[in-house]
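Worksheet for the structure shown next.
Numbering (this note's numbering), first residue to last: 197 to 1182.
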């Protein structure tokens, strides 16, 4: 019996072990989502592998994963910047994984075109900015996030107006006559701008070299900016609110002559006398106009953000809204922006997911433009209005332009942008590692504008109105097949994409003058005695096919190859298609066996790449021969007839502008990820420039497109991120520093030595800027100033023999200076102590010049500005100083003196260092407030600027009608702003 019991016991033990073994070997399909334990945001690119087995998968852009694994086995979740997590698998196949950020490791995730990849596996030049890097700053637009935070990306404010334009350049200016703006891609959809609420942004990636940008082919020559918005995450409903109130004022004013000084100067130079009572009134301040105080004010901004997110394992949502209301520091200027975003993610079946993104916005700009240079030159001793007619007076002594105050208060204009961007993405999980994404998007915008001109704004002004409307529709369809697999020590990701996109635009303009009455402003065109109108239409499309293969062996050796073909409707016949290949390799030396015993480098990756990208930024019908209408008088009568002549010369041979890019990079990580360093060298050769060439007058004149010329950009970039102190309860410090050096040079100009443009400044002088072989784009074309003669007249150098003259000619103009900086820097610091956070951000640009035409206008008594208004131009002139060696400005009495705006006397070093932001915040946890986590903050933007530049702001430059980089003609400065904020997370 005992033997039988023993035998049965052994049999039971054997059966139990066999059953357990069988249970452990039963494979099931496990799926789930990986999120950050602190932020509850999805973590992209997490390695999900079976313990002790090399096979596995990677989480997608939503943090999702699926993997087949035996019941009872263990999954490893690992990602750079997070603590590796082990999860024992049971019967539950739906997993919710949270990961804790590891402060001792590198933490950065990047999104690349048409896919995602870990930073450790990147082979190209990609700069990444996460929401953590700007969350402590009151950012109002996306371009402000890019400024100073990404090496190789130069962001310049064209003006400081609310909603004002911003110039973004990635590794320099590559083209002369076409756009140099980067391509913006928001959630996979190409966009004409960055119409995104900053609070909705998860991350921004900037693709810089050809290995990264060639995937976008003809649109990637100027770099690519990828914006990924946030998504809803599984769990309880999360509600946040953010309120920021800002107070803005001008950082620097010009020192102008007051009314008494101005009246004294008028008598001294022009013989214009004022009565004793008037002079006394000017002296004691009871009379006279301070134009800067009159036209400038304290600006107020109100920025409200509200969002809600949440969902289940299969259905997630994020809804956010933003309302921005700004009153500018110039009178009557207002700006409003309202945005609403809805992001939905739905798992329809185990093999099909749907992602929907909708963004609606409305912007309103009231009285946006202002002529600062005009009010700087208006006389403080004039009378503002005619007391009888109420018409605003012209300046009797100085500016010949209309009254700047009258133009602001009697005239008005409104411009709007209504935009709706929609994006749907169906992702099919065909088999293990193989997915198909079908994405469709439509971006619609309506841009109406209205303006009214009153007959009261200046003497002789005819009342008038204008209505305009532009409607634009952009559509895109992207079909992406991606295969992701691992076998042994090898990892392979292959992507194939077919894409089609198009744009359609319509415009309509109606103008009227001599209104019967002004009561309804710009609304009733029937009020106008004279009316005119015009309209237009354009359409364009592009079809693309592309492929990319990314190979990784043991995380040590990486190879990326990309090829894209684009067909554009802008080019004719055989030139419609452009082909853009690229290749990149990388070697992580730190993972080699001979480095296994060292503990200094966690990563030491050497990268190299080459590729070709294109540019097709010309008008939709630019290569077609077209006629233009013109009016002419009838012979022997007053009748006007309409005829046609050459409007656009046909250029059927014109094709893509191509940029050949070379890049070498080094990525290093030390101190267990607490210190990261990246260095890059690059060279971009843009060949077959899309260049406008003048046509002979006998052939109708004008200009036409050719593929000739070459521009080269080369430089180096450095970036360092570090966490010197990690204990936030004691003291924490995170810092990042980046620097970029850029050299731009024109190599060829279609056989010409130089090209000069027309002078569009309206105040005299020559062409001001020149494009010349061997010099950078944005060079100035100026006279060389060489001090004064013995009578206080300006002396200029003759270029032919080096002699000096007071009356130079066109042959004496020479090339000098540059409008773009040679070096740009950004330094961001965040300090934490318990519940306190201090952040400061410094931005710098070195080696750039500005032609200060504003100073010229206030100091020269020339052209449309007939008298001086700048204090130094009076007190430091040859006429006023006792010691003539101390004279800064020429004599205003010497009739032989010549002042030229195109003289290097007005060319100034505009290098600067700015404290762009400093903020202090305090966090009140929910356990104290009982309602929400609350953050209170106070911050200052553009608090101070270190510069030698004498103008209002060395960063900005004039644009629009003048169209020049680096020319200050009353450029609107970036204001200094103090912001008070409160954030609530419920």
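Cβ coordinates follow ideal geometry from the N, Cα and C atoms, glycine included. Just so it is clear, the structure is predicted and the values come from calculations on it, not from any experiment.
Go ahead and pull the three-state DSSP assignment for residue 1102. Translated into positions along the chain shown, residue 1102 becomes position 906. It is coil, neither helix nor strand.
In or out: residue 372 buried (at least 16 other Cβ within 10 Å) or exposed? The sequence position of residue 372 within the chain shown is 176, counting from 1. Answer is buried; the Cβ neighbour count reaches 16.
DSSP-derived helix/strand/coil call for residue 1095: Start at 1 with the first residue of the chain shown, and residue 1095 comes out as number 899. Under the three-state reduction of DSSP output, residue 1095 falls in the coil class, being neither helix nor strand.
By Cβ distance, which residues of its chain are closer than 8 angstroms to residue 829, with the 5 residues on each side in sequence left out? Within the chain shown, residue 829 is the residue found at index 633, counting from 1. These residues qualify, in order along the chain: 835, 836 and 837.
Taking C-alpha atoms, which residue in 406, 951 and 713 lies nearest to residue 651? As a first step, residue 651 is located in the chain shown; it is residue number 455 there, counting from the start. Among 406, 951 and 713, the Cα nearest to that of residue 651 belongs to 713.
Are the region 742–749 and the region 813–829 in contact at 8 angstroms, needing three or more beta carbon pairs? Result no; under three Cβ-Cβ pairs closer than 8 angstroms.
By Cβ distance below 8 angstroms, which residues in the same chain neighbour residue 851 in space, the five residues on each side in sequence not counted? Reading the chain shown from its first residue, position 655 is the one you call residue 851. Within the same chain, and ignoring the five residues on either side of residue 851 in sequence, the residues whose Cβ sits closer than 8 angstroms to its Cβ are 767, 771, 774, 884 and 903.
If we cut at 8 angstroms on Cβ distances, does residue 746 have a partner in chain B? Structure shown: chain B not included; a single protein chain is present.
Checking the sheet assignment: what are the DSSP bridge partners for residue 560? Along the chain shown, read from residue 1 onward, the residue named residue 560 stands at position 364. Answer is 532 and 612.
Between which two residues does the beta strand (DSSP E) containing residue 791 stretch? Position 595 of the chain shown holds residue 791. Note, residue 791: premise wrong, no beta strand (DSSP E); not H, not E.
Residues near residue 848 by beta carbon distance below 8 angstroms, same chain, minus five either side: Within the chain shown, residue 848 is the residue found at index 652, counting from 1. Within the same chain, residue 848 has close Cβ partners 768, 769, 771 and 819.
Looking at the secondary structure, which residues open and close the alpha helix (DSSP H) in which residue 475 lies? Here residue 475 refers to the residue found at position 279 when the chain shown is read from its first residue. For residue 475, the enclosing alpha helix (DSSP H) covers residues 472–480.
Quick check on the DSSP output: the alpha helix (DSSP H) that includes residue 628 runs from which residue to which? As a first step, residue 628 is located in the chain shown; it is residue number 432 there, counting from the start. Careful: residue 628 lies outside any alpha helix (DSSP H) and carries neither H nor E.
Compute the Euclidean distance between the alpha carbons of residue 807 and residue 744, then round it to the nearest angstrom. As a working mapping, residue 807 is identified with position 611 in the chain shown. As a working mapping, residue 744 is identified with position 548 in the chain shown. Approximately 13 angstroms between the Cα atoms of the pair.
For residue 571, the residue or residues it bridges with in DSSP: Counting from one through the chain shown, the residue named residue 571 turns up at place 375. None; residue 571 has no bridge partner.
Where the alpha helix (DSSP H) containing residue 1054 begins and where it ends: Within the chain shown, residue 1054 is the residue found at index 858, counting from 1. Residues 1049–1055.
State the beta-bridge partners of residue 1196 as determined by DSSP. Outside the displayed range of the chain (197 to 1182) lies residue 1196, so it cannot be described from this structure.
Any contact between the region 1033–1043 and the region 1015–1023? By contact I mean 3 or more CB pairs, one from each, below 8 angstroms. Judged by pairs of C-beta atoms under 8 angstroms, the region 1033–1043 touches the region 1015–1023, as three or more such pairs exist.
Please go through the same chain and pick out, in chain order, the residues whose beta-carbon is closer than 6 angstroms to the beta-carbon of residue 918, but skip the five residues on each side of it. Taking the chain shown and counting its residues from 1, one reaches residue 918 at position 722. For residue 918, where only same-chain residues beyond five positions count, the Cβ hits under 6 angstroms are 871 and 931.
Looking at the strands, I want to know which residues DSSP matches up with residue 445. Counted from its first residue, the chain shown places residue 445 at position 249. For residue 445, the pairing in a beta bridge is given by DSSP as 1172.
Straight-line CA distance for residue 536 to residue 671? By one-based count along the chain shown, residue 536 stands at place 340. By one-based count along the chain shown, residue 671 stands at place 475. Looking at the two C-alpha atoms, the distance is approximately 20 angstroms.
By DSSP's criteria, residue 665 is part of a beta bridge. Which residues make up the other side? Within the chain shown, numbered from 1, the residue matching residue 665 stands at position 469. DSSP output for residue 665 lists 644 and 704 as bridge partner(s).
Pairs of beta-carbons, one from the region 934–941 and one from the region 958–972, closer than 8 angstroms: are there three or more? Note that the region 934–941 touches the region 958–972; at least 3 beta-carbon pairs, one per stretch, sit closer than 8 angstroms.
Helix or strand or just coil, what does DSSP make of residue 236? Taking the chain shown and counting its residues from 1, one reaches residue 236 at position 40. Coil at residue 236, not helix or strand.
Using a threshold of 8 angstroms, state whether the C-beta atoms of residue 616 and residue 1166 are closer than that. Start at 1 with the first residue of the chain shown, and residue 616 comes out as number 420. Start at 1 with the first residue of the chain shown, and residue 1166 comes out as number 970. For the pair residue 616 and residue 1166, the CB atoms are not nearer than the 8 angstroms cut-off.
What is the rounded straight-line gap between the Cα of residue 412 and the Cα of residue 691? Against the chain shown, residue 412 aligns to sequence position 216. Against the chain shown, residue 691 aligns to sequence position 495. Rounded to whole angstroms, residue 412 to residue 691 spans 13 angstroms at the Cα level.
For the beta strand (DSSP E) holding residue 799, just list the boundary residues, first then last. In the chain shown, the residue the question calls residue 799 occupies position 603. Per DSSP, residue 799 belongs to the beta strand (DSSP E) from 797–811.
CB-CB under 6 angstroms to residue 554, same chain, minus the five flanking residues each way: which ones, in chain order? In the chain shown, residue 554 corresponds to position 358, counting from 1. Cβ within range, chain order: 538 and 618.
Out of curiosity, what's the CA-to-CA distance linking residue 629 and residue 389? For the purposes of this step, residue 629 is identified with residue 433 of the chain shown, where counting begins at 1. For the purposes of this step, residue 389 is identified with residue 193 of the chain shown, where counting begins at 1. Taking the straight line from one Cα to the other gives about 34 angstroms.
Shortest alpha-carbon distance to residue 587 belongs to which of 482, 653 and 1058? Taking the first residue of the chain shown as 1, we reach residue 587 at position 391. Checking every option, the nearest Cα to that of residue 587 belongs to 653.
Less than 8 angstroms separating the beta-carbons of residue 421 and residue 402? For the purposes of this step, residue 421 is taken as residue 225 along the chain shown, with counting starting at 1. For the purposes of this step, residue 402 is taken as residue 206 along the chain shown, with counting starting at 1. The answer is yes: Cβ separation under 8 angstroms.
Using CA atoms only, rank isn't needed, just tell me which of 856, 264, 594 and 646 is closest to residue 704. For this step, residue 704 is matched to residue 508 along the chain shown. Of all alpha-carbon atoms in 856, 264, 594 and 646, the one lying nearest the alpha-carbon of residue 704 is that of 646.
Does residue 1084 come out as helix, strand or coil in the three-state DSSP assignment? Here residue 1084 corresponds to residue number 888 of the chain shown, with the count starting at 1. Annotated three-state conformation of residue 1084 is coil, per DSSP.
What would DSSP say about residue 421, mapped onto helix, strand or coil? Within the chain shown, numbered from 1, the residue matching residue 421 stands at position 225. Of the three classes helix, strand and coil, the one that applies to residue 421 here is strand, per DSSP.
What do you reckon, are the CB atoms on residue 976 and residue 1045 nearer than 8 angstroms? Position 780 of the chain shown holds residue 976. Position 849 of the chain shown holds residue 1045. Yes, these two residues count as a Cβ contact at 8 angstroms.
For my contact list, residue 780 and residue 309 are in at a C-beta cut-off of 8 angstroms; report their separation, rounded to the angstrom. Residue mapping note: residue 780 aligns to position 584 of the chain shown, counting from 1. Residue mapping note: residue 309 aligns to position 113 of the chain shown, counting from 1. That belief does not hold up - the Cβ atoms of residue 780 and residue 309 are roughly 13 angstroms apart, past 8 angstroms.
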